[in-house]
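In our numbering, the protein residues as written are 7 to 433. Even for Gly, the Cβ is constructed at its ideal location relative to N, Cα and C. All values reported here derive from a predicted model rather than from experimental measurement. What follows is a single structure, written as structure tokens, with notes after it.
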């Protein structure tokens with residue numbers, strides 16, 4: 007949610023930003039909000055003036071009563087009653103207008119950074135840099151589900167019986183590898199100075215509305231029937247929600263956190279779920295990083311954070327690249343975002359394994375997260391980034407470490423988490 011001052015003072019800037027995101031249907035909202043806000047401020051001023059008038063008249067009543075002018079005092083008392091009635095009506099109008107402004111403001115996209123490339127959708131995202139040499143071995147690399155099944159590590163058929171399409175059982179060394187990658191990701195971020203957290207895996211609707219747009223919520227979130235609770239789609243939701251309504255000291259910033267959680271997503275859309283594989287599923291696990299900082303430090307942290315993800319994957323012998331998200335591919339709360347994509351030697355192309363975003367003060371403004379400064383209370387900036395989301399990260403690992411004999415090589419960084427194993431062999 008942007009600052010209402012931008013609607014009051016820089017409407018053209020807001021309009022141009024909407025056009026950059028190819029959301030022209032939202033353009034009328036700018037003038038609608040401006041007029042509603044003007045009515046709100048007028049109602050508030052009128053109510054404030056009447057309160058001041060009421061206070062003066064109340065003081066007069068006291069004086070008149072002390073002077074024995076009871077009749078005059080009673081007349082003023084009637085006048086005060088009429089003023090109180092007007093104030094009540096204005097307060098009701100204020101509340102209604104304030105709510106309407108808020109609802110419409112939440113539909114206005116965040117002002118994107120000047121460096122964001124302009125494009126309609128993800129087909130116009132821009133490759134930034136490659137890390138590691140993409141390699142295609144002379145031998146064939148099987149589909150990842152076949153690799154897992156050959157190592158007795160995957161059972162989607164049984165998961166279909168217990169839970170339906172989009173779920174899976176991981177077993178044996180594959181399950182251990184999955185957990186090892188997450189444990190390594192946790193320790194990797196702790197070594198970077200981040201504080202490890204395990205958050206709640208369910209959140210209330212007011213937190214959901216604070217961390218994401220309505221469209222994202224409808225496409226992603228599972229609601230708990232009969233309760234005001236949603237299963238999280240990423241631990242960022244709980245982690246940012248943790249600071250809802252808080253005023254943190256400026257000296258405590260930046261707050262750098264890394265969190266583990268399972269994640270649950272509907273995965274509604276044309277892309278659908280994978281019948282056999284693990285690339286797009288309803289349930290996965292993730293190690294996330296979250297930063298709260300001063301707004302002026304946000305871009306510096308943004309660049310640090312995506313570089314951590316690149317470093318993590320390179321330590322597992324996985325080539326990656328960074329892809330800048332264009333304006334039309336940015337979610338409404340984001341100022342700037344890039345994806346980290348891993349190399350698939352089987353498909354001979356890259357695929358997404360993580361995403362890094364700076365959201366400016368959008369989430370902080372929605373959730374009331376501020377920092378106490380010498381100049382008063384100001385909104386903080388929030389950022390989030392995927393360290394590892396798996397089994398998608400597991401797919402990248404299996405393909406890039408698959409050997410000709412069907413075994414999986416374990417890089418040195420991961421060996422301590424696999425009991426010292428250097429390879430996973432067929433049994």
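7 Å Cβ shell around residue i - same chain, five flanking residues per side excluded
i, result
"residue 401", "150, 284 and 285"
"residue 343", "331, 336, 361, 362 and 363"
"residue 412", "156 and 432"
"residue 165", "173, 174 and 175"
"residue 427", "416 and 421"
"residue 75", "none"
"residue 439", "Since the first and last residues shown for the chain are 7 and 433, residue 439 lies out of range."
Of the listed residues the options, nearest to residue i (C-alpha basis)
i, options, result
"residue 296", "135, 200 and 326", "200"
"residue 87", "115, 423, 57 and 101", "57"
"residue 63", "85, 305 and 159", "85"
"residue 409", "137, 114, 145 and 241", "145"
"residue 326", "382, 134, 379 and 219", "134"
"residue 13", "234, 353, 34 and 415", "34"
"residue 381", "122, 241, 153 and 256", "256"
"residue 111", "203, 122, 17 and 99", "17"
"residue 148", "190, 379 and 406", "406"
"residue 99", "46, 61, 76 and 140", "46"
"residue 304", "321, 294 and 367", "367"
"residue 394", "60, 140, 136 and 191", "191"
"residue 384", "204, 222, 301 and 365", "301"
"residue 170", "48, 349, 282 and 153", "282"
"residue 204", "222, 241, 221 and 198", "241"
"residue 189", "424, 103 and 430", "424"
Same chain, Cβ closer than 6 Å to residue i, neighbours up to 5 away in sequence not counted
i, result
"residue 194", "318"
"residue 70", "78 and 79"
"residue 161", "175"
"residue 158", "178"
"residue 5", "Lying before the first or after the last residue shown, residue 5 is absent from the chain, which here runs from 7 to 433."
"residue 36", "17, 20 and 21"
"residue 218", "none"
"residue 4", "Lying before the first or after the last residue shown, residue 4 is absent from the chain, which here runs from 7 to 433."
Anticipated Cβ contact below 8 Å, residue i with residue j, distance rounded
i, j, result
"residue 351", "residue 299", "Incorrect: roughly 38 Å between the Cβ atoms, too far for contact."
"residue 238", "residue 207", "6 Å"
"residue 264", "residue 324", "Incorrect: roughly 20 Å between the Cβ atoms, too far for contact."
"residue 396", "residue 226", "No, residue 396 and residue 226 are not in contact; Cβ-Cβ is about 18 Å, not under 8 Å."
"residue 118", "residue 386", "In fact, because the Cβ distance is near 19 Å, the residues do not count as touching under 8 Å."
"residue 346", "residue 312", "6 Å"
Close beta carbons around residue i, own chain, < 8 Å, minus the five adjacent residues each side
i, result
"residue 250", "212, 213, 216, 373, 374 and 375"
"residue 276", "Note that residue 276 scores a pLDDT of 45, beneath 50, so its modelled location is shaky and nothing firm can be said."
"residue 131", "123, 125, 329, 330, 331, 332, 335 and 345"
"residue 142", "351 and 354"
Beta-bridge partners of residue i, as assigned by DSSP
i, result
"residue 2", "Look at the range of the chain in this structure, 7 to 433, and you will see that residue 2 is not part of it."
"residue 374", "None; residue 374 has no bridge partner."
"residue 290", "269"
"residue 14", "The partner list for residue 14 (beta bridge, DSSP) is empty, contrary to what the question assumes."
"residue 355", "350"
"residue 391", "295 and 362"
"residue 343", "363"
"residue 157", "Bridge partners of residue 157: none, in fact."
"residue 203", "265"
"residue 132", "330"
Any chain B beta carbon closer than 9 Å to residue i
i, result
"residue 215", "Protein chain content of the structure displayed is limited to a single chain, and chain B is not contained in it."
Handout entry: Validate contact between the segment 349–357 and the segment 40–58 using beta carbons, cut 8 Å, 3 pairs
Key = Contact between the segment 349–357 and the segment 40–58 is not established, with fewer than three Cβ pairs separated by less than 8 Å.
Practice task
Spell out a yes or no on whether the segment 177–184 and the segment 241–259 are touching, meaning 3 or more CB-CB pairs, one atom from each, closer than 8 Å.
Solution key: Too few Cβ pairs lie closer than 8 Å, so no.
Exercise for the section: Could you tell me whether the segment 261–272 touches the segment 290–309, where touching means 3 or more Cβ pairs closer than 8 Å? Expected result: Touching, per the Cβ criterion.
Exercise for the section: Count the C-beta pairs between the segment 169–180 and the segment 389–396 that are closer than 8 Å, then say yes if the count reaches three, no if not. Expected result: No: the two stretches stay apart, fewer than three of their Cβ pairs being nearer than 8 Å.
Exercise for the section: Mind the definition here: the segment 31–45 touches the segment 91–110 only if three or more C-beta pairs lie below 8 Å; say whether that holds. Expected result: Cβ pair count under 8 Å is three or more, so yes.
Handout entry: Any 3 or more C-beta pairs closer than 8 Å across the segment 123–138 and the segment 89–102
Key = No, the segment 123–138 is not in contact with the segment 89–102.
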